[in-house]
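Take a look at the structure set out below.
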Amino acid sequence: DAGITQSPRHKVTETGTPVTLRCHQTENHRYMYWYRQDPGHGLRLIHYSYGVKDTDKGEVSDGYSVSRSKTEDFLLTLESATSSQTSVYFCAISDPDRPGYGYTFGSGTRLTVV
Amino acid sequence: KQEVTQIPAALSVPEGENLVLNCSFTDSAIYNLQWFRQDPGKGLTSLLLIQSSQREQTSGRLNASLDKSSGRSTLYIAASQPGDSATYLCAVVSGTSGSRLTFGEGTQLTVNP
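So the protein sequences, as listed, match chains A and S.
So the first sequence is residues 459 to 572, counted in our numbering.
So the second sequence is residues 157 to 269, counted in our numbering.
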């Protein structure tokens, strides 16, 4: 979607290395989310943010940390990547303060940990 | 904990057929429900959003209904086309201030020419 971009689109990294994925939005939405998508598990919430410096854990947060220093950017960091973190990662934005709000997703980052 | 189930997991139909995809959820305290489409290797595209106070939404050949009390939603696709082939995902918004989006595992639709 034009209002939300993820980088990089693809990444291959080695086990034990740190990795940071970036999500950038131009919609000024208050909430930002990180999901991972895996066969047999669907989309699962990792972390989310409800404002600058305000974050909370999702259902699969172990091994991940996030930061949001400004409204536009939400970073997901894998402190020490493991093979179980090979997945497709999606960022999403929403704003419950806006009437009829929904969720908008980025195009995803395909991460392979070897 | 909110759980979302989609039936069927896969569906194959001939072109031109009308079809219904089903979604059920366990906690009726939702803010809204959103249907997405995902093509292979791509991101999620929003199709329809139904707020909790609404019963249905329509967009072109798509119609989505919501019955909060029974925890069910359906996505109706009229006159299906091969370009409709994709995975369709149902997601419900719940939690504190509508902060949680919970997905079903999707229905993989194939429309044969």
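All C-beta atoms, glycine included, are put in the ideal place defined by N, C-alpha and C.
As the structure is a prediction and not an experimental result, all values here were calculated from the model.
The three-state reading of DSSP puts aspartate 195/S in coil, since its state is none of H, G, I, E or B. For glycine 260/S, a Cβ of chain A is located within less than 8 Å of the residue's own Cβ. Under DSSP, leucine 503/A takes part in a beta bridge, and its partners are Tyr493/A.
Secondary structure note for serine 545/A: its beta strand (DSSP E) is the uninterrupted segment 545–552. The three-state secondary structure of aspartate 240/S, taken from DSSP, is helix. In the three-state reduction of the DSSP assignment, serine 541/A falls in the helix class. DSSP places glutamine 464/A within a strand segment (E or B) once states are collapsed to three.
From the beta-carbon of tyrosine 561/A, the residues of chain S found nearer than 9 Å are Gln190, Phe192, Leu200, Ser202, Leu205, Ala247, Val249, Leu257. Interface criterion met: the Cβ of leucine 501/A is under 8 Å from a Cβ in chain S. Around the beta-carbon of isoleucine 186/S, 16 or more other beta-carbon atoms lie within 10 Å, marking it buried.
The C-beta distance from isoleucine 206/S to asparagine 188/S rounds to 6 Å, short enough to fall under 8 Å. Counting only the Cα atoms, tyrosine 506/A lies some 11 Å from serine 552/A. Checking the DSSP bridge columns, you'll see glycine 172/S has no partner listed. Residue contact with chain S for glycine 509/A: absent (no Cβ-Cβ distance below 8 Å to any residue of chain S). Under a 10 Å Cβ-count criterion, arginine 256/S is classified as buried, with 16 or more other Cβ atoms of the shown protein chains found around its own Cβ. Excluding its 5 nearest sequence neighbours in each direction, alanine 166/S has C-beta neighbours in its own chain below 6 Å: Gln264, listed in chain order.
Between the alpha carbons of threonine 230/S and asparagine 178/S lies a distance of about 5 Å. With respect to leucine 245/S, leucine 204/S sits apart: the two C-beta atoms are not nearer than 8 Å. Under a criterion of Cβ atoms nearer than 9 Å, the residues of chain S adjacent to phenylalanine 548/A are, in order, Gly199, Leu200. Under the criterion of beta carbons closer than 8 Å, glutamine 464/A and glycine 566/A qualify as touching, at roughly 6 Å.
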